[in-house]
Amino acid sequence: MRRRYLIPAAVVAAAALATTPSTGAVAKTKKAKEFSCTIDSIALGQPTPASPTVTQLGFVSCPKPLGDGLHYNQITITQFPAPGAPGAATGKFKNYFNRGTTRGTVAVAIVANGGPMNLTFTGTVTYTGGTGKFKHVAGGGTIVCTSADGGAHKSCEVHTTLTGV
1 MRRRYLIPAA VVAAAALATT PSTGAVAKTK KAKEFSCTID SIALGQPTPA SPTVTQLGFV
61 SCPKPLGDGL HYNQITITQF PAPGAPGAAT GKFKNYFNRG TTRGTVAVAI VANGGPMNLT
121 FTGTVTYTGG TGKFKHVAGG GTIVCTSADG GAHKSCEVHT TLTGV
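Numbering (this note's numbering) for the sequence shown: 1 to 165.
Structure follows, in structure tokens:
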């Protein structure tokens, strides 16, 4: 006849803790870092009220560890600017760097400065993740873009505070 012994769970847990070696290691947390990046992009097409989404491609330049890379975004104009009234746009972006990618969202106000072709885009960016060395990237900041040709070509300054880089 076989005997069965019931061992309380607390005793098993205490034994496991007593036999687990302590490494003394503390999980590293990456501190938030401030970044100022530039983006130069070109629109592949022109948004219209009937087709308000446009794809933009370009180059991004950031300090290390991000570096220089390629920029991709899709922007949807949610409100086209009119004389005396700003427009608005939202979208998603992805930056491709040597050590991984970053991705996120953007929301901007669009203001025509002295004519419909001279535009300023001002708003916020939010980083929601990435791949490779930047798979845990998070944070956000501000973006300011200018265009002298109705948004076909844009030059942007992005100021962010990021973790996970």
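Cβ atoms here follow ideal geometry from the backbone N, Cα and C, with glycine treated the same way. A quick note: this is a predicted structure, and the numbers were derived from the prediction, not measured.
Judged by their CB atoms, Tyr127 and Thr102 are nearer to each other than the 7 Å cut-off. As the crow flies, the alpha-carbon of Val111 is around 9 Å from that of Ala82. Here the alpha carbon of Val60 sits roughly 10 Å from the alpha carbon of Leu66. DSSP places Cys156 in the uninterrupted beta strand (DSSP E) bounded by His153 to Thr163. The residue from Asn95, Tyr96 and Thr142 with its alpha-carbon nearest to that of Ala107 is Thr142. Separation of Gly58 and Gly100 (C-alpha to C-alpha, rounded to the nearest whole angstrom) is 17 Å. Here Gly150 carries a coil assignment [DSSP, helix/strand/coil]. Looking at the DSSP output, Asn95 sits in a beta bridge with His71 and Thr102. Each residue's CA atom was taken as its position, placing Pro63 and Gly114 some 34 Å apart. Within the same chain, Cβ atoms closer than 8 Å to the Cβ of Asp68 are found at Phe59, Val60, Ser61, Cys62 and Phe97, the five residues on either side in sequence being excluded. Under DSSP, Cys145 forms a beta bridge with Phe121 and Cys156.
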